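Sequential numbering of the sequence shown, starting at 1, is according to UniProt numbering.
Below: the structure, in structure tokens.
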Amino acid sequence: MIEILNPAELARAKETGALVADILQALKSRSTVGTNLLDLDRWARSMIVDAGAQSCYVDYEPSFGRGPFGHYICTAVNDAVLHGLPYDYALADGDLLTLDLAVSKRGVAADSAISFIVGDSKPPESVAVISATERALNAGIAAARPGARIGDISYAIGSVLSEAGYPINTEFGGHGIGSTMHQDPHVPNTGRPGRGYKLRPGLLLALEPWVMADTAELITDADGWTLRSATGCRTAHSEHTIAITSDGAEILTLPTQAHS
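This is the structure in structure tokens:
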């Protein structure tokens with residue numbers, strides 16, 4: 001299913017997107033050395049409930065997971081990159097943490113992810129993978145406009161990741177979003193320009209470039225959810241929900257307030 005949102009629905013999408021972004025930034029500010037992943041999940045739940053919103057994850061039960069997910073945010077550390085199931089772990093200096101959050105409010109969902117380094121250490125490999133995904137995300141957004149095709153976005157993202165020297169996994173990528181978290185069209189993180197669905201104003205897409213430093217192979221944790229690099233290398237994941245407008249794309253998952 002591919003949804004095209006009307007102006008009233010787009011206004012609600014902006015509200016949901018801002019909420020997702022603000023929660024992520026609040027959690028980032030609390031992600032210090034010694035912070036437990038289960039506390040991040042608890043804080044996420046509290047902020048979602050207080051906002052009158054609903055988690056897209058807690059009851060999420062896709063075919064590839066050991067569902068339901070049962071938590072309110074994905075917390076992926078170091079070699080983990082996607083669907084990180086929160087567990088009893090205290091963050092250490094130099095950990096690369098990815099927070100991925102999807103929330104629904106007033107019938108419209110938004111989805112975003114950020115990767116960052118905890119503490120004062122800045123391992124070069126971690127800095128590099130984070131930077132590559134952020135640049136790729138910006139390139140994908142720049143390619144998103146009415147009349148362009150999904151392949152144009154995929155090509156823009158993949159070009160940045162490939163030029164940075166990273167293998168690209170196409171099992172998981174971006175997706176349409178609207179009344180539900182995951183919809184068509186699928187947006188691979190590499191592709192051929194001029195191919196695929198033609199973008200129209202009112203379409204919402206969650207673009208999410210992610211990479212593993214030296215492999216394209218994922219392995220699944222014993223928890224049945226957390227996906228890690230097969231080699232144990234560092235990983236990163238950057239994601240925004242965008243709306244196709246009459247003349248380009250608008251990022252919906254930008255924070256509305258400053259966080260320390």
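All C-beta atoms, glycine included, are put in the ideal place defined by N, C-alpha and C.
Model, not experiment: these values are computed from the prediction.
Sheet register partners of residue i (DSSP bridge)
{"i": "residue 321", "result": "The structure shown has nothing for residue 321, since the chain only spans 1 to 260."}
{"i": "R228", "result": "A80, I219"}
{"i": "E250", "result": "A243"}
{"i": "C74", "result": "D100"}
{"i": "Q54", "result": "S104"}
{"i": "K198", "result": "R149"}
{"i": "A156", "result": "Its beta-bridge partners do not exist; DSSP assigns none."}
Range of the contiguous beta strand (DSSP E) that encloses residue i
{"i": "K105", "result": "96-105"}
{"i": "D184", "result": "183-187"}
{"i": "T133", "result": "Looking at the DSSP string, T133 is not in any beta strand (DSSP E); the run it does join, the alpha helix (DSSP H), is 124-143."}
{"i": "L204", "result": "204-207"}
{"i": "G176", "result": "174-176"}
Own chain, CB closer than 8 Å to residue i, minus 5 neighbours either side, in chain order
{"i": "G151", "result": "G191, R192, P193, G194, R195, G196"}
{"i": "T16", "result": "A53, V103, S104, K105, R106, V108, A109, A110, L252"}
{"i": "A92", "result": "V33, V118, G119"}
{"i": "I219", "result": "L227, R228, S229, A230"}
{"i": "A148", "result": "K198, L199"}
First and last residue of the uninterrupted alpha helix (DSSP H) at residue i
{"i": "W210", "result": "Careful: W210 lies outside any alpha helix (DSSP H), inside the beta strand (DSSP E) at 210-212."}
{"i": "M47", "result": "37-50"}
{"i": "V20", "result": "7-30"}
Length of the line joining the Cα atoms of residue i and residue j
{"i": "A139", "j": "A230", "result": "27 Å"}
{"i": "Y60", "j": "V103", "result": "12 Å"}
{"i": "G119", "j": "G248", "result": "37 Å"}
{"i": "G34", "j": "T241", "result": "30 Å"}
{"i": "V78", "j": "E9", "result": "The question names Val, but residue 78 is Asn in the sequence shown. Distance between the alpha carbons of N78 and E9 is about 37 Å."}
{"i": "S260", "j": "F116", "result": "A caution first: S260 carries a pLDDT of 37, below 50, which makes its placement in the model too unreliable to give a value."}
{"i": "L99", "j": "A18", "result": "16 Å"}
{"i": "I153", "j": "G178", "result": "19 Å"}
{"i": "G224", "j": "G65", "result": "6 Å"}
{"i": "K14", "j": "L252", "result": "5 Å"}
{"i": "N36", "j": "I73", "result": "13 Å"}
{"i": "A113", "j": "A128", "result": "17 Å"}
{"i": "L227", "j": "L101", "result": "16 Å"}
{"i": "R200", "j": "A216", "result": "32 Å"}
{"i": "K105", "j": "S246", "result": "25 Å"}
{"i": "Q54", "j": "Y89", "result": "25 Å"}
{"i": "G165", "j": "S121", "result": "23 Å"}
{"i": "M47", "j": "T256", "result": "15 Å"}
{"i": "L203", "j": "I244", "result": "5 Å"}
Contact set for residue i: own chain, Cβ-Cβ below 6 Å, skip 5 residues either direction
{"i": "G67", "result": "E61"}
{"i": "P188", "result": "S154, T170, G173"}
{"i": "L254", "result": "A21"}
Spatial neighbours of residue i in its chain, beta-carbon cut-off 7 Å, leaving aside the 5 residues before and after
{"i": "Y136", "result": "According to the sequence displayed, residue 136 carries Ala and not Tyr. Taken in chain order, the residues that qualify are I157, V160, L161, P209."}
{"i": "A44", "result": "I23, L27, Y72, I73, L101"}
{"i": "I4", "result": "R200, G202, L203"}
Residue i Cβ short of 6 Å to the ligand NAD heavy atom set
{"i": "K105", "result": "The ligand content of the structure shown is nil, which means the ligand NAD is not present either."}
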